[in-house]
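Numbering (the UniProt record's numbering), first residue to last: 1 to 259.
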């Protein structure tokens, strides 16, 4: 039984698109009365971005980082029929079914490395986690971090695990490090990488990783273009994360050298 409980809610109101996101996420209201940032299965990177968002968010939470609550969101076909904007209309049409939402942090501001201080251990955890999950999108240009209630919150992990866009070659990634860490927005503050590595290793045991991967909805794993079936895909994510954890000292060294 999963001890991680991800709720499922229904979208009851489409409020507005967030134009700063490449995949046009939107602020929506759910039947529980809360606002969420909805990530659409019909957007550019499709269901794989939702899978990366889900895994990345729950891995971050497991190692003690702040992450908005993630929920599964049912979208019905009524919204596309009343939407005047054609681009949004298409997105809504292609996203009917199960999507992913992040609890909307009202009045949160985008993290700015020039303005906001960040705790060294937190920065180190974010850097190492992004290295483990090959997240190419946490740079000064696009931090994908929020400041809310004087705390750093991790959002937008959808550009992680990019090996899953080509299952034919995914095993080649098992032994690779992550040189792009040199562009990470928090790298200069990440001066406790060895300490962070210990926290990550103790928090992400095999059971915890399997529990997080088990959360992925079956329907997100079904894709005619993929060579693997859903069980094989789940096993691949688990093997990948375990392989990265096994080489965490190398990733620490790579980050230290880049800094």
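The beta carbon of each residue, even a glycine, is placed where N, CA and C say it ideally should be.
In this text, all values refer to a predicted model and were calculated from it rather than measured experimentally.
Considered as a whole, the region 56-125 harbours 78-82, 86-94 as its complete alpha helix (DSSP H) runs of no fewer than 4 residues, in chain order. Here the alpha carbon of residue 56 sits roughly 31 Å from the alpha carbon of residue 83. Cβ-Cβ distances below 6 Å link residue 233 to 221 in the same chain, with the five nearest sequence neighbours on each side left out; the list follows chain order. DSSP places residue 11 within a strand segment (E or B) once states are collapsed to three.
In this structure, the beta-carbon distance from residue 192 to residue 120 falls below 7 Å. Selection 146, 117, 160 evaluated against residue 129 yields 160 as nearest (Cα-Cα).
For residue 145, the enclosing beta strand (DSSP E) covers residues 145-148. Per DSSP, the beta-bridge partners of residue 151 are 148. If you draw a straight line from the Cα of residue 197 to the Cα of residue 80, it is about 45 Å long.
Under the criterion of beta carbons closer than 8 Å, residue 187 and residue 255 qualify as touching, at roughly 7 Å.
The criterion of a C-beta distance shorter than 7 Å is satisfied by residue 10 and residue 31. Residue 65 sits away from residue 117, with the two beta carbons spaced by 7 Å or more. Residue 60 sits close to residue 67, with the two beta carbons spaced by under 7 Å. For residue 89, the closest C-alpha among the options 97, 99, 98, 78 is that of 78. Of all C-beta pairs linking the region 197-206 to the region 172-183, fewer than three are shorter than 8 Å, placing the two stretches out of contact. Each residue's CA atom was taken as its position, placing residue 204 and residue 217 some 21 Å apart. About 38 Å separates the Cβ atoms of residue 228 and residue 148, ruling out a contact at the 8 Å cut-off.
Here residue 106 is exposed: its Cβ has fewer than 16 other Cβ atoms, across all protein chains shown, within 10 Å. Taking C-alpha positions only, residue 87 is separated from residue 42 by approximately 11 Å. Looking at the backbone, the Cα of residue 235 and that of residue 241 are separated by about 10 Å. In this structure, the CA atom of residue 223 is about 21 Å from the CA atom of residue 101. In the DSSP assignment, residue 213 falls within the unbroken alpha helix (DSSP H) covering 206-214.
The secondary-structure analysis by DSSP pairs residue 37 across a beta bridge with 27, 102. The Cβ atoms of residue 238 and residue 258 do not sit closer than 7 Å to each other.
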